[in-house]
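*Asks:* For any residue, its number in this note's numbering is found by taking its place in the sequence shown, counting from 1, and adding 1. First the structure, then my questions, so here it is.
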Amino acid sequence: IDWWTGYPQQRSDLAEVFAQMKNPPLIITGDHHQAHILQLRDDQENILAYEFLTPSITSKNDDRLLEIDVQKKQKQLYEHNPHLVYSNTNAHGYFILKIAKEQVVFDYRYTDTILEITNKEHQGPLLKLTQDNKLRKHV
């Protein structure tokens with residue numbers, strides 16, 4: 002997984018830009034096909050940015066691995082990525098993004114299966130980013 006390790010200068014340049022901003026920016030992507038939430042921090046633990054990754058709807062991710070291997074990988078991800086707040090590498094789904102003046106809400110939803118046509122899904126984490134730049138988990 003490419004967690005900026007291959008781009009140290011670009012990461013440093015972006016961190017400098019983010020540090021000058023009034024509020025941490027939200028980075029929203031889905032290119033890993035996995036659900037991740039990161040609080041990017043500087044050396045003084047100031048929040049520089051938030052990164053939200055949506056899982057894939059049907060593209061492959063770690064769903065092809067045995068559950069024990071998924072758990073092992075999850076443990077390693079948290080150990081080696083201090084910015085990681087949430088991770089789900091083997092679920093399929095999406096998130097609903099609601100933007101309001103007082104908060105931004107990320108509502109993760111996961112499908113029960115991609116192997117058959119169904120409208121069944123289950124609730125993932127519900128997170129709120131408030132005006133004071135605090136990330137609060139509600140599920």
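For each residue, glycine too, the CB sits at the ideal point set by N, CA and C.
I'd like the span of the beta strand (DSSP E) that includes Ser88, first residue to last.
*Replies:* Note, Ser88: beta strand (DSSP E), 85-89.
*Asks:* Should Tyr109 go down as buried or exposed, given a rule of 16 or more other Cβ atoms within 10 Å for buried?
*Replies:* Answer is buried; the Cβ neighbour count reaches 16.
*Asks:* Quick test of your reading: His34 and Ser13, contact by CB under 8 Å. State the CB separation rounded to the nearest angstrom.
*Replies:* In fact, because the Cβ distance is near 27 Å, the residues do not count as touching under 8 Å.
*Asks:* CB Pro126 to CB Ala92, shorter than 7 Å?
*Replies:* Cβ atoms of Pro126 and Ala92: not closer than 7 Å.
*Asks:* Cα separation between Ile2 and Thr112?
*Replies:* In this prediction, Ile2 scores a pLDDT of 39, lower than 50, which makes its location untrustworthy; the coordinate-derived value is nonetheless stated afterwards. Approximately 23 Å between the Cα atoms of the pair.
*Asks:* Which residue marks the beginning of the alpha helix (DSSP H) containing His81, and which one marks its end?
*Replies:* 68-81 is the extent of the alpha helix (DSSP H) around His81.
*Asks:* Among residues of its own chain, excluding the 5 on either side of Asp43, which ones have a beta-carbon nearer than 7 Å to its beta-carbon?
*Replies:* Hits under 7 Å: Ala16, Ala20, Leu49.
*Asks:* What span of residues does the alpha helix (DSSP H) with Arg12 cover, start to end?
*Replies:* Per DSSP, Arg12 belongs to the alpha helix (DSSP H) from 9-20.
*Asks:* Is His123 closer than 7 Å to Ser88 when the C-beta atoms are compared?
*Replies:* No, the Cβ-Cβ distance between Ser88 and His123 is not below 7 Å.
*Asks:* Ordered along the chain, which non-local residues of its own chain (more than five positions away) have a Cβ less than 8 Å from that of Gly31?
*Replies:* Around Gly31: Leu54, Thr55, Pro56, Ser57.
*Asks:* How many angstroms separate the CA atom of Gln132 from the CA atom of Phe107?
*Replies:* Their backbone Cα atoms lie some 14 Å apart in a straight line.
*Asks:* Got a sec? Which residues, its chain only, sit under 7 Å from Gln40 by beta carbon, not counting five neighbours each side?
*Replies:* Closer than 7 Å at Cβ, skipping near neighbours: Ile48, Tyr51, His84, Val86, Leu136.
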